[in-house]
Structure formats: C-alpha cells, structure tokens
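What follows is a single structure, written as structure tokens, with notes after it.
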Amino acid sequence: MGKHLTHKRKTPTASTREAHIEAARALGGRCPFCDVDLFNEHGAFTGEVHHHDAASDARIEATMPTCGECNRSFNATPAPRALIEAYHFKRKRLNGALFSRKRTAA
Ligand SMILES: [Zn+2]
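Quick note, the sequence shown lines up with residues 65 to 170 if you use this note's numbering.
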C-alpha cells in the first residue's frame, strides 16, 4: 500500500478519539508538549487530537492528544518526534496494562 499524502483532513474515529482521551487521563491528564491540563474541573476533555504525520492519516498511531495551543503551533513548527514517540510508547504500555488478562503484581 503506497502512502499518498493528501491535504484531505481525516477526522479520527470516535473510538480512536476516546482511546486518546482515556490514555491522556491515565497518563496524568496533561498536554505531552506543554504540560497544560487537558481536562476541565468536571473531568471533560478540553484538548484536541493532533495529526502528527499527515492530516489525512487519522489512525491511532498517527494522532495524539494535545492542547489547542500546541496543536495550532504545530502548523508552523512540527511537534517534537521524541515526545510523539514517548506518548505512543506510554499509551501502548497502558493498553497492555488495561486490557491484558495477565496481571503482574506491581
Ligand atoms: Zn500543549
């Protein structure tokens, strides 16, 4: 499958968005880039989902939660790759802990 970069923005599915919101919550509820709170006092997600690869790529591996301000700044300056990778590393480890039937004692 060739990867065609288009300018067509694809919105993440509801389940992808939900997975990012739950991961953000479990990881401390803060923007991975600037540490601002991504949830309001009622626990509602106030951030956005950033497309860090292509706007047309809305897979869970190609998107992540950020605050609105960082998301807008990434139009001019791409998000730091190390922080993108750190988020996905933690998210996957979290999914393992949440969904694995094998539980290891902490
Ligand atoms: Zn931010």
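Backbone N, C-alpha and C fix where the C-beta goes; we use that ideal spot for every residue, glycine too.
{"query": "Contact the stretch 79-87 vs the stretch 133-145: 3+ CB pairs below 8 Å", "result": "no"}
{"query": "Those residues, in chain order, that have a beta-carbon closer than 6 Å to some heavy atom of ligand 1", "result": "C95, F97, C98, V100, T130, C131, E133 and C134"}
{"query": "Range of the contiguous beta strand (DSSP E) that encloses T127", "result": "T127 to T130"}
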